[in-house]
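Below is one structure; the comments refer to it alone.
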Amino acid sequence: MKLYSDAQLLLELQSGNDCAFQEIYERYADKLIAFAFKKTQNEDEAMDMVQELFLSVWKNRYTIQVNGPLEAYLIVSVNYMAYKWFKKQSKQPQSLNDFMELPDMAEDSTAQKLSFAELSFLINREIADMPEKMRQVYLCSREQDMNGQQIAAELGISHQTVRNQISSALGRLKKTVHHYYNVIPPDNLSEFLLLIIFLRLL
Numbered sequence: 001m002k003l004y005s006d007a008q009l010l011l012e013l014q015s016g017n018d019c020a021f022q023e024i025y026e027r028y029a030d031k032l033i034a035f036a037f038k039k040t041q042n043e044d045e046a047m048d049m050v051q052e053l054f055l056s057v058w059k060n061r062y063t064i065q066v067n068g069p070l071e072a073y074l075i076v077s078v079n080y081m082a083y084k085w086f087k088k089q090s091k092q093p094q095s096l097n098d099f100m101e102l103p104d105m106a107e108d109s110t111a112q113k114l115s116f117a118e119l120s121f122l123i124n125r126e127i128a129d130m131p132e133k134m135r136q137v138y139l140c141s142r143e144q145d146m147n148g149q150q151i152a153a154e155l156g157i158s159h160q161t162v163r164n165q166i167s168s169a170l171g172r173l174k175k176t177v178h179h180y181y182n183v184i185p186p187d188n189l190s191e192f193l194l195l196i197i198f199l200r201l202l
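In this text, residue positions in the sequence shown follow the UniProt record's numbering: the first is 1, and each later residue adds one.
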């Protein structure tokens, strides 16, 4: 799978292909460990963060959503984990926005890639943290394109319960995106439009 693009590997991963997962790991693990070490200056913590990240990617392989480059998504994930680690160590970076960064990438529009990756990471985290029934309903609706009656029949719950759970799930996701917008204000029109479009999609 070495000749596969990141997008192709991600599709294979979402179908449960462990070879795709292994290729993603081999492609990015060393770079992510080096990046985490740069942030923490702690080799053990850096390795643990990357290991935890890949365990999470595999665990959520069927539902993971990555808008934009996979590399940016993984780097943002490590950034966030390092930020949380710093907070636990009672070290105070100026803000999450200042703490976040991407390494130099060959393509343009790095800021837009960061926005996509940050949003993807936060949305995936929020979906994973939903109560089990809410998460099931949401994924049936958004990932399997099932309507309310189909979801009710599939999960053995009432149609009204489905509607309530979807409403609650979307409320949580909108709150997450609004919080992102408040903490990390857009620097240009393209990022602002990105956030507006994302909110409408929710």
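We treat Cβ as the ideally placed atom computed from N, Cα and C, and that holds for glycine.
Considering only the beta carbon of each residue, do residue i and residue j sit closer than 8 Å?
i      : j      : result
Ala20  : Met1   : yes
Ala82  : Lys39  : yes
Glu154 : Cys140 : yes
Phe35  : Val78  : yes
Gly171 : Val162 : no
Leu10  : Glu23  : no
Taking the alpha-carbon positions, what's the residue i to residue j distance?
i      : j      : result
Thr63  : Gln41  : 33 Å
Leu122 : Val76  : 10 Å
Met47  : Ile33  : 6 Å
Glu132 : Glu12  : 25 Å
Ser15  : Tyr25  : 17 Å
Tyr80  : Pro69  : 17 Å
Leu53  : Lys175 : 24 Å
Asn164 : Ser158 : 10 Å
Asp145 : Phe86  : 40 Å
Leu3   : Gly156 : 44 Å
Starting from residue i, trace the alpha helix (DSSP H) both ways and give me its first and last residue.
i      : result
Asp145 : It is not in any alpha helix (DSSP H) - Asp145 carries neither H nor E in the DSSP assignment.
Leu3   : No alpha helix (DSSP H) contains Leu3, which DSSP labels as neither H nor E.
Threshold first: 4 residues or longer. Then list the alpha helix (DSSP H) segments lying entirely within the UniProt domain "RNA polymerase sigma-70 region 2" (24 to 91), N to C. 43 to 59, 70 to 88
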